[in-house]
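Q:
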Amino acid sequence: MIALLSTAVFVAVVVVVVTRSPGWGAFKTYFLNWSIYKDSFPEILHAFWLNVKLFCVAEVLILPAALFIAVLRSLQGPVFFPIRALAIAYADLFRGIPTILVITILGVGMPALGLSWLPQSEFFWAVVALVLVYTAYVSEVYRSGIDSVHPSQAAAARSLGLSHGQALRFVVLPQAVRRVIPPLLNDFIGLQKDTALVGTLGVVEAFKQAQIDQSATFNGTPYLVAATLFVLITIPLARFTDWLIARDRKQHQAGSLA
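Residue numbering for the sequence shown follows this note's numbering, starting at 165 and increasing by one per position.
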């Protein structure tokens, strides 16, 4: 009851402050036009399916690519130093460059080379850019999961006759992947939102379509439509992530009590 009451009071205060602000009338006219919302919704929804397609294609490619990079970074011994160095350089490079710059450089630069064997599709290069960037981020998530598995697990597997590769595949990786599912979902929430950046290449996705509609109506309500669609995707993913984290915490607490 206290939580409900405090929430109601907070919402009421926010509504009063916003609606009584000097610029509320102009804000309402520009962003909250119901007629424009209804008219622009079908076009933006149609364009939003391209965001969903980008997200799904990129995610399928990111998961194995990031795991491969993480495994390369976990290789032990001086003989594997060059491989580890390349994996580290890759992760540092693509985590350091803003996503929108990677999309622009690849989407504009690669077709400009004029090589007949290179794809010219903006969608293709948008996927490549997202995969390169998010593989770097997700590989670090995988690596943290691998490092969280106690070395005794691999040692016990080796004592049973498994090779290093078999111990990694059958003992370490299953535990590591299970532990990093919640942070992986957080990264994919970010990926879903970053699909809006591919509009810089001229790809007509939800945000680009909202820009087109805004230019036609001189009203910002189409941006609210695009925001609504992204929220409808990201909030359920966020709540699912919270549920996984809470379940994992309960399992750890139950294990410690046992």
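Note that beta-carbon positions come from the ideal geometry of N, C-alpha and C, so glycine has one too.
Between 270, 352 and 259, which lies nearest to residue 284 when the distance is taken from Cα to Cα?
A: Taking only the C-alpha atoms, the option nearest residue 284 is 270.
Q: According to DSSP, simplified to helix, strand and coil, what is residue 382?
A: Coil, per DSSP.
Q: For residue 372, is the classification buried or exposed, using 16 other Cβ atoms within 10 angstroms of its Cβ as the cut-off for buried?
A: Per the 10 Å Cβ criterion, buried.
Q: Taking 6 Å as the limit between beta carbons, can you name the residues of its chain near residue 295, skipping five residues before and five after?
A: For residue 295, where only same-chain residues beyond five positions count, the Cβ hits under 6 Å are 222, 225 and 226.
Q: Would the beta-carbon of residue 253 fall within 7 Å of that of residue 299?
A: No.
Q: Count the other C-beta atoms from every protein chain shown that fall within 10 angstroms of the C-beta of residue 327, then say buried if there are 16 or more, exposed otherwise.
A: When all chains shown are included, residue 327 counts as exposed.
Q: Taking all protein chains shown into account, decide if residue 237 is buried (16 or more other Cβ within 10 angstroms of its Cβ) or exposed.
A: Buried, since its Cβ has 16 or more Cβ neighbours within 10 Å.
Q: Only counting the same chain, and skipping five residues up and downstream in sequence, which positions put a Cβ closer than 7 Å to that of residue 305?
A: Taken in chain order, the residues that qualify are 344, 347, 348 and 351.
Q: Can you give me the C-alpha to C-alpha distance between residue 247 and residue 356, rounded to a whole angstrom?
A: Rounded to the nearest angstrom, the two C-alpha atoms are 31 Å apart.
Q: Using the Cα positions of residue 266 and residue 286, report the straight-line distance between them to the nearest angstrom.
A: Approximately 13 Å between the Cα atoms of the pair.
Q: Are there 16 or more other CB atoms within 10 angstroms of the CB of residue 406, so buried, or fewer, so exposed?
A: By the 10 Å Cβ count, residue 406 comes out exposed.
Q: Using only the alpha-carbon positions, how far apart do residue 169 and residue 213 sit?
A: Going from the Cα of residue 169 to the Cα of residue 213 covers about 39 Å.
Q: Using the three-state DSSP reduction, which class does residue 261 fall into: helix, strand or coil?
A: It is coil, neither helix nor strand.
Q: Starting from the C-beta of residue 263, find all residues in its chain whose C-beta is less than 8 Å away, skip the five residues before and the five after it, and write them out in chain order.
A: The answer, listed in chain order, is 293, 294, 297, 358 and 361.
Q: Nearest to residue 363 by alpha carbon, out of 272, 200 and 228?
A: For the residues 272, 200 and 228, the minimum Cα distance to residue 363 belongs to 272.
Q: Alpha carbon to alpha carbon, how far is residue 389 from residue 186?
A: When rounded, the distance between both Cα atoms is 25 Å.
Q: Report the rounded CA-to-CA distance for residue 282 versus residue 410, giving the unit in angstroms.
A: Each residue's alpha carbon lies about 46 Å from the other.
Q: Do residue 312 and residue 233 have their beta-carbon atoms positioned less than 7 Å apart in this structure?
A: Contact flag unset, no.
Q: Which residues mark the beginning and the end of the alpha helix (DSSP H) in which residue 337 is found?
A: Residues 337-343.
Q: Closest to residue 258 by CA distance: which of 301, 276, 415 and 275 is it?
A: Of the candidates 301, 276, 415 and 275, the one whose C-alpha sits nearest the C-alpha of residue 258 is 301.
Q: Measure the C-alpha to C-alpha separation of residue 289 and residue 192 and round it to an integer number of angstroms.
A: Distance between the alpha carbons of residue 289 and residue 192: 38 Å.
Q: Less than 7 Å between the beta carbons of residue 392 and residue 200, yes or no?
A: No.
Q: Assuming contact is defined by CB atoms lying nearer than 7 Å, are residue 276 and residue 309 in contact in what I supplied?
A: Contact flag unset, no.
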